[in-house]
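The UniProt record's numbering numbers the first residue of the sequence shown as 1 and each following residue consecutively.
The beta-carbon is built from N, C-alpha and C at its ideal position, and this holds for glycine as well.
For clarity, every value in this text was computed on a predicted model and none was experimentally measured.
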Amino acid sequence: MNKLPLSLSELRALATIATYRSYRKAADELGLSASTLSHMMRTLEANLGVRLLNRTTRSVAVTAAGAQLLKRLAPLLREFELAVEEVNQFRELPSGTLRINASEPAARILMEAILPRFLMRFPQMSVDLVTEGRLVDIVANGFDAGIRLAESVPQDMIAVPIGADTRFVTVASPAYLASRSRPLAPDDLLRHPCICIRMPSGKPYRWEFEKRGQALVIDVKGQLTLDNAEIMADAAVQGLGIAYVQEHTVARHLAAAQLVTVLEDWCPRTGGLFLYYPGHRHIPAGLQAFIEVLRGID
Numbered sequence: 001m002n003k004l005p006l007s008l009s010e011l012r013a014l015a016t017i018a019t020y021r022s023y024r025k026a027a028d029e030l031g032l033s034a035s036t037l038s039h040m041m042r043t044l045e046a047n048l049g050v051r052l053l054n055r056t057t058r059s060v061a062v063t064a065a066g067a068q069l070l071k072r073l074a075p076l077l078r079e080f081e082l083a084v085e086e087v088n089q090f091r092e093l094p095s096g097t098l099r100i101n102a103s104e105p106a107a108r109i110l111m112e113a114i115l116p117r118f119l120m121r122f123p124q125m126s127v128d129l130v131t132e133g134r135l136v137d138i139v140a141n142g143f144d145a146g147i148r149l150a151e152s153v154p155q156d157m158i159a160v161p162i163g164a165d166t167r168f169v170t171v172a173s174p175a176y177l178a179s180r181s182r183p184l185a186p187d188d189l190l191r192h193p194c195i196c197i198r199m200p201s202g203k204p205y206r207w208e209f210e211k212r213g214q215a216l217v218i219d220v221k222g223q224l225t226l227d228n229a230e231i232m233a234d235a236a237v238q239g240l241g242i243a244y245v246q247e248h249t250v251a252r253h254l255a256a257a258q259l260v261t262v263l264e265d266w267c268p269r270t271g272g273l274f275l276y277y278p279g280h281r282h283i284p285a286g287l288q289a290f291i292e293v294l295r296g297i298d
């Protein structure tokens with residue numbers, strides 16, 4: 001029997017490059033150098049006698065031949081991963097890497113208690129935590145799970161709550177409020193410089209309020225627009241305007257009296273953070289262990 005002109009490691013490498021469209025990112029994911037990864041792909045293409053990837057100085061794209069190969073091999077690669085994972089179930093403690101995509105505020109909450117407890121309880125596990133504002137397809141991007149606010153969790157995912165409900169609050173520094181009239185209703189914000197929020201899509205975020213069943217959405221204005229909650233809080237501390245952020249983000253500033261809340265009765269609690277993952281595939285042992293830790297933390 002002739003030896004197949006390809007190996008499992010080469011196929012996994014090809015699939016990873018196709019996912020990230022980058023040799024550098026794929027090399028980081030696989031724990032290889034970019035030069036080693038490039039050599040593997042040249043060897044694979046030479047053995048098959050066909051180009052699988054189109055390379056430029058800035059990007060990598062899969063050729064028609066490469067796409068067809070990956071389409072046919074994807075189920076086999078997934079079955080291989082499942083087979084290895086099933087063996088992992090027999091371990092006393094799970095091992096491997098758990099890849100999680102989360103917003104920055106969610107990542108900070110994880111770091112406070114959940115991740116330290118998980119890593120201490122399961123020393124053979126490691127966590128690759130990627131933070132970004134935009135919502136990504138966790139399956140297509142190779143993540144085991146994502147963490148977002150309830151309203152952002154895709155409907156086709158299984159969701160596990162993390163902690164209690166949360167809320168967004170409007171905050172300002174005492175010095176700022178000392179020189180201006182305090183807002184008593186959301187419409188009053190239109191007469192104040194606000195620290196505007198830019199969504200990952202690039203669109204401005206309209207602030208949402210609710211009181212006794214009455215919901216209001218305010219299109220605030222201001223000289224400063226940011227996309228990072230921690231920097232928004234810092235800007236509010238500096239007296240640059242009123243900010244609208246998750247209460248958890250400004251908890252230390254409130255405790256230190258660097259910030260105070262305004263429109264308190266217009267900021268109800270909403271659904272909190274959820275860990276979510278696809279329900280149509282086998283749950284890795286590492287993710288099962290992580291969920292177990294989540295459910296044990298009140």
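Counted within 10 angstroms of its Cβ, other Cβ atoms place residue i as buried (16 or more) or exposed
i    : result
E132 : exposed
N101 : buried
G146 : buried
I242 : buried
H39  : exposed
R148 : buried
I231 : exposed
R99  : buried
A256 : exposed
M157 : buried
S126 : exposed
A178 : exposed
Q288 : exposed
L240 : buried
M41  : buried
L110 : buried
T56  : exposed
T97  : exposed
L190 : exposed
T225 : exposed
A106 : buried
A64  : exposed
A113 : exposed
Alpha carbon of residue i to alpha carbon of residue j, nearest angstrom
i           : j    : result
residue 299 : V245 : Because residue 299 is not part of the residues shown, which for the chain are 1 to 298, the question remains open.
A185        : K221 : 16 Å
M1          : G163 : Residue placement at M1 is poorly supported in this model, since its pLDDT is 41, which falls under 50; the coordinates still yield a value, given next. Computed Cα separation, rounded: 57 Å.
A26         : K211 : 49 Å
R12         : L216 : 50 Å
Y23         : A34  : 6 Å
A67         : N54  : 11 Å
G49         : E10  : 15 Å
L30         : T36  : 11 Å
G286        : A74  : 22 Å
C267        : R180 : 21 Å
Y20         : H192 : 43 Å
Q124        : P174 : 48 Å
L8          : L44  : 11 Å
Q214        : D265 : 12 Å
R108        : L115 : 10 Å
Y277        : V62  : 27 Å
G279        : V169 : 34 Å
R58         : Q258 : 45 Å
L129        : F143 : 9 Å
A236        : Q223 : 13 Å
L254        : A159 : 31 Å
A15         : R252 : 44 Å
Per-residue DSSP class, three states only, for residue i
i    : result
V250 : helix
A46  : helix
P183 : coil
L240 : coil
R99  : strand
F80  : helix
Q288 : helix
K71  : helix
I283 : coil
R12  : helix
F143 : coil
I138 : coil
R148 : strand
M199 : coil
L119 : helix
Y277 : strand
V293 : helix
K211 : strand
M1   : Confidence in M1 is poor, its pLDDT being 41 and thus under 50, which makes the residue's placement unreliable; the coordinate value appears in the next sentence. Correct three-state label for M1: coil.
A61  : strand
Neighbour flag for residue i against chain D, beta carbons, 7 Å
i    : result
V130 : No chain D appears in the structure shown, which is made up of a single protein chain.
Distance between beta carbons of residue j and residue i, contact taken as under 8 Å
i    : j    : result
A172 : V262 : 6 Å
A18  : L70  : 6 Å
F118 : P94  : Not quite, the Cβ-Cβ distance comes to about 11 Å (not below 8 Å), so this is no contact.
I218 : W207 : 5 Å
Open item on the list: Does the contact criterion of 3 or more C-beta pairs under 8 Å hold for the segment 149–163 versus the segment 261–276?
Closed with: yes
TODO: Check whether the segment 197–210 touches the segment 136–151, counting contact only when three or more Cβ pairs, one atom from each stretch, lie closer than 8 Å.
DONE: no
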